[in-house]
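The block underneath contains the structure these notes are about, expressed in structure tokens.
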Amino acid sequence: MFLLVLSLSLIIEKVILISIILGGSLGVAMYSTWAERKVAAVMQDRRGPNRAGPFGLFQPLADGLKLFMKEEIIPNFSNKFLFILGPSLAMLMACMTSAVIPWGPDITKTDGGVISLQVADISIGVLYIFGVVSLGVYGIMLGAWASNNKFSLLSGLRAASQAISYELAMGISLIALVMMTGSLSMREIVAQQHGFWHDGYFTWNFFKQPLAFIIFIVCSFAELNRAPFDLAECESELIGGYHTEFSSMKLGFYLFAEYINMFITSVILSTLFFGGYNYPGMDWVALHVGPVLFSIIGVLVLLGKAIGFILFFMFIRWTIPRFRYDQLMNLGWKSLIPLALINMLITGAVILYFLK
Amino acid sequence: MDIQHIIFWTLCMLTLGCAVGVIMSRNPINSVLFLILTFFTVSAHYVMMNAQFLAIVNIIVYAGAIMVLFLFVIMLMNLNGDTEPQKNTLVQFAAVISGGALLLILIAAFKSTISGIDGKLIEYGQSTDIGLIKNLGKVLFTDYVFPFEIASVLFLSAMVGAVVLGKKDKEITTVEEM
Chain V
17 MFLLVLSLSL
27 IIEKVILISI
37 ILGGSLGVAM
47 YSTWAERKVA
57 AVMQDRRGPN
67 RAGPFGLFQP
77 LADGLKLFMK
87 EEIIPNFSNK
97 FLFILGPSLA
107 MLMACMTSAV
117 IPWGPDITKT
127 DGGVISLQVA
137 DISIGVLYIF
147 GVVSLGVYGI
157 MLGAWASNNK
167 FSLLSGLRAA
177 SQAISYELAM
187 GISLIALVMM
197 TGSLSMREIV
207 AQQHGFWHDG
217 YFTWNFFKQP
227 LAFIIFIVCS
237 FAELNRAPFD
247 LAECESELIG
257 GYHTEFSSMK
267 LGFYLFAEYI
277 NMFITSVILS
287 TLFFGGYNYP
297 GMDWVALHVG
307 PVLFSIIGVL
317 VLLGKAIGFI
327 LFFMFIRWTI
337 PRFRYDQLMN
347 LGWKSLIPLA
357 LINMLITGAV
367 ILYFLK
Chain P
3 MDIQHIIFWT
13 LCMLTLGCAV
23 GVIMSRNPIN
33 SVLFLILTFF
43 TVSAHYVMMN
53 AQFLAIVNII
63 VYAGAIMVLF
73 LFVIMLMNLN
83 GDTEPQKNTL
93 VQFAAVISGG
103 ALLLILIAAF
113 KSTISGIDGK
123 LIEYGQSTDI
133 GLIKNLGKVL
143 FTDYVFPFEI
153 ASVLFLSAMV
163 GAVVLGKKDK
173 EITTVEEM
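Heads up: the protein sequence lines correspond to chains V and P, in order. Residues in the first sequence are numbered from 17 upward in steps of one, following the working numbering. Residues in the second sequence are numbered from 3 upward in steps of one, following the working numbering.
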């Protein structure tokens, strides 16, 4: 059995960190809804939300208030407990992933103590993310089934089969990356991508595993249930999909969980493939600024990369039409999984041949 | 009684409670949810034993994939009370016997493990890291490589079997829709 060693200062530190991360991801998710509408507007030559506040910046607040104020309807003949559990689970799982992400370089205090900007440095960080992702589908499935609505049920089944199919390719693509870094800890993976250039090659994993990155990002679209893979909430076939029967803030939770997931996925993509908080010339910066400022710059760099990915998710949503269901399954099972397997084999062969 | 014991006994209560919930619930969906909770509490036990890898794999494979499929199937069943098939007494009798036999085997296996555990404890007792992924991988690919490969062949054959079963007849061509 392991030893439980907890000090009060550590607990306070972690509680503050968790609050900042949770508040931060909620804030980013809130403004992602605004950004999504702005991006859609720009791409369709419209103005987008511009009434509430400057540039419509208070629009998310208005939307949130509206969702809170609306009447809450629970359909008769539905399982009330599961009906409420569905959106709660979706939200919970969306907020849980951020625990293993290293948000910035460690801050070394003047008395020699180290403040880590990572809630939990567990040795199996990548697997933890997988665990949470694979549980994320329960929120949708339970809510969909408990709605007692055929369209919702269909949507829940679609979401479940889609999530399971794409998790496989996602996992195999990451195995190649894990084989290369030799570690499952997020902290270690980021540390190995230090700086930008080392020993005559890029340090970022994107340049070492481009195929894995492409597979991973396609799969994350599917895991997020976002266009072009938003079969689960396909309006033209399924009304609203799994959240057809949900009203008020329970609907809000589903929508919000999707945006939190998008933010966290963007952070994970930047952490795993684009160096996390590392940036070119960071050693020079570390020499010239204090440790706190250095960490803050690191966090901002990570957030910048994540926002880039969020914008990419949005551009794709408004440019590529939705897949048909059989196309989705064919892409997942017949293209992505074999590609990921080949990538894994090649990586293994290269490691065996060159790095022995 | 230190904090580890408190956590351990609380977890044991939770595990047993959830496991009993699986067989006591009338609604199959609730049974599945209790089973998922059981997997979580078992994973918590693994974490207590510092076997993080086992814990997370238990969650990914069982709670994350297999139980989703369970739920998938149960959601498609018609769960109205009046369409529930009448259970045959013979089937119930057979179920009790096979369940009891399984219990016996489990207890026997458990007993033989306990009697053989003293030697193992000396071997591994020095480090608490045996459950970590590196050590697990080493043991799996050196000492237990043969059973490991056999198990993978077994999985492969199951997979091939599933594909064969799922293969459609050539004459019937339907659009694959969920």
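Every residue gets a Cβ at the ideal spot worked out from N, C-alpha and C, and that includes glycine.
### Query
Among all the DSSP beta bridges, which residues are the ones paired with tyrosine 217 (chain V)?
Stepping through the first sequence from its first residue, residue 217 (chain V) is reached at position 201. DSSP lists V:His214 as partners of tyrosine 217 (chain V).
### Message
Quick check: does the Cβ of leucine 24 (chain V) come within less than 6 Å of any heavy atom belonging to the ligand COA?
### Response
Questions concerning the ligand COA fall outside what the structure shown contains, since it holds no ligand whatsoever.
### Query
So who's on the other strand from isoleucine 123 (chain V), going by DSSP bridges?
The residue given as residue 123 (chain V) occupies position 107 in the first sequence. In the DSSP output, where bridge partners are listed per residue, isoleucine 123 (chain V) has V:Ile131.
### Query
Quick check: the stretch 4–18 of chain P against the stretch 201–211 of chain V, are there 3 or more CB pairs under 8 Å?
no
### Query
Residues of chain P with CB under 7 Å from alanine 176 (chain V), in chain order?
On the first sequence, residue 176 (chain V) is found 160 positions in, with the first residue counted as 1. By Cβ distance, chain P contributes Val70, Phe74.
### Query
Do we get a CB-CB distance below 7 Å when we pair tyrosine 217 (chain V) with the residues of chain P?
Residue mapping note: residue 217 (chain V) aligns to position 201 of the first sequence, counting from 1. Closer than 7 Å: no.
### Task
Report yes or no: is there a C-beta of chain P within less than 7 Å of the C-beta of methionine 112 (chain V)?
By 1-based counting over the first sequence, the position of residue 112 (chain V) is 96. Methionine 112 (chain V) does not count as touching chain P.
### Among V:Lys125, V:Asn164, V:Glu183, the one whose alpha carbon lies nearest that of glycine 147 (chain V)
Reading the first sequence from its first residue, position 131 is the one you call residue 147 (chain V). The option with the nearest alpha carbon to glycine 147 (chain V) is V:Glu183.
### Message
Counting only beta-carbon separations shorter than 7 Å, does methionine 161 (chain P) have a partner in chain V?
### Response
Taking the first residue of the second sequence as position 1, residue 161 (chain P) is located at position 159. Not closer than 7 Å to any Cβ of chain V, the Cβ of methionine 161 (chain P) fails to qualify, so no.
### Query
Measuring CB to CB, does glycine 64 (chain V) end up less than 7 Å from arginine 53 (chain V)?
Indexing the first sequence from 1 puts residue 64 (chain V) at position 48. Indexing the first sequence from 1 puts residue 53 (chain V) at position 37. Contact flag set, yes.
### Query
In three-state terms, what does DSSP make of glycine 320 (chain V)?
Reading the first sequence from its first residue, position 304 is the one you call residue 320 (chain V). Glycine 320 (chain V): helix per DSSP, three-state reduction.
### Residues near isoleucine 37 (chain V) in its chain [Cβ-Cβ closer than 6 Å; skip 5 each side]
By one-based count along the first sequence, residue 37 (chain V) stands at place 21. Taken in chain order, the residues that qualify are Ser114.
### Task
Determine the contact status of arginine 338 (chain V) and proline 244 (chain V), defining contact as a CB-CB distance below 7 Å.
Looking up residue 338 (chain V) in the first sequence gives position 322. Looking up residue 244 (chain V) in the first sequence gives position 228. Result yes, Cβ atoms of arginine 338 (chain V) and proline 244 (chain V) sit closer than 7 Å.
### Message
Buried or exposed, going by whether 16 or more other CB atoms sit within 10 Å of the CB of glutamine 94 (chain P)?
### Response
Here residue 94 (chain P) refers to the residue found at position 92 of the second sequence. Exposed: under 16 other Cβ atoms inside 10 Å.
### Query
So, valine 206 (chain V) versus glycine 324 (chain V), is the Cβ gap smaller than 7 Å?
By 1-based counting over the first sequence, the position of residue 206 (chain V) is 190. By 1-based counting over the first sequence, the position of residue 324 (chain V) is 308. The answer is no: Cβ separation not under 7 Å.
### Query
Mind pulling the chain P residues with CB within less than 8 Å of tyrosine 144 (chain V)?
As a first step, residue 144 (chain V) must be located in the first sequence, where it is residue number 128. Correct list: Ile58.
### Query
Which residues mark the beginning and the end of the alpha helix (DSSP H) in which valine 147 (chain P) is found?
Position 145 of the second sequence, counted from the start, is the residue given in the question as residue 147 (chain P). That run of the alpha helix (DSSP H) goes 147–168.
### Query
Would you say alanine 356 (chain V) and isoleucine 180 (chain V) are within 7 Å of each other, going by their C-beta atoms?
For the purposes of this step, residue 356 (chain V) is taken as the residue at position 340 of the first sequence. For the purposes of this step, residue 180 (chain V) is taken as the residue at position 164 of the first sequence. Not a contact, by the Cβ cut-off of 7 Å.
### Query
Can you give the beta carbon distance from glycine 101 (chain P) to serine 150 (chain V), rounded, assuming they're within the 8 Å contact cut?
Residue 101 (chain P) sits at position 99 when you count from the first residue of the second sequence. Residue 150 (chain V) sits at position 134 when you count from the first residue of the first sequence. The Cβ separation is near 30 Å, so there is no contact.
### Query
Is the distance from the Cβ of tyrosine 258 (chain V) to the Cβ of serine 168 (chain V) below 7 Å?
Within the first sequence, the letter at position 242 stands for residue 258 (chain V). Within the first sequence, the letter at position 152 stands for residue 168 (chain V). In this structure, serine 168 (chain V) lies closer than 7 Å to tyrosine 258 (chain V) by Cβ.
### Task
Please confirm whether methionine 202 (chain V) and glycine 152 (chain V) have their CB atoms less than 7 Å apart.
Mapped onto the first sequence, residue 202 (chain V) falls at position 186. Mapped onto the first sequence, residue 152 (chain V) falls at position 136. No, Cβ-Cβ distance for methionine 202 (chain V) and glycine 152 (chain V) is not below 7 Å.
### Task
Please work out which residues of its chain come closer than 7 Å, Cβ to Cβ, to threonine 40 (chain P), disregarding the five sequence neighbours upstream and downstream, and give them in chain order.
By one-based count along the second sequence, residue 40 (chain P) stands at place 38. Same-chain partners within the cutoff: Thr17, Cys20, Ala21, Val24.
### Message
So, does the stretch 66–79 of chain P touch the stretch 170–177 of chain V, judging by three or more C-beta pairs under 8 Å?
### Response
yes
### Message
Whole angstroms are fine: how far does the CA of isoleucine 135 (chain P) sit from the CA of leucine 376 (chain V)?
### Response
The structure shown does not extend to residue 376 (chain V), since chain V is modelled only from 17 to 372, so the question has no answer here.
### Task
Measuring only between beta-carbons, confirm whether leucine 371 (chain V) sits less than 7 Å from chain P.
The residue you call residue 371 (chain V) lines up with position 355 of the first sequence. Taking Cβ atoms only, chain P never reaches closer than 7 Å to leucine 371 (chain V), which makes this a no.
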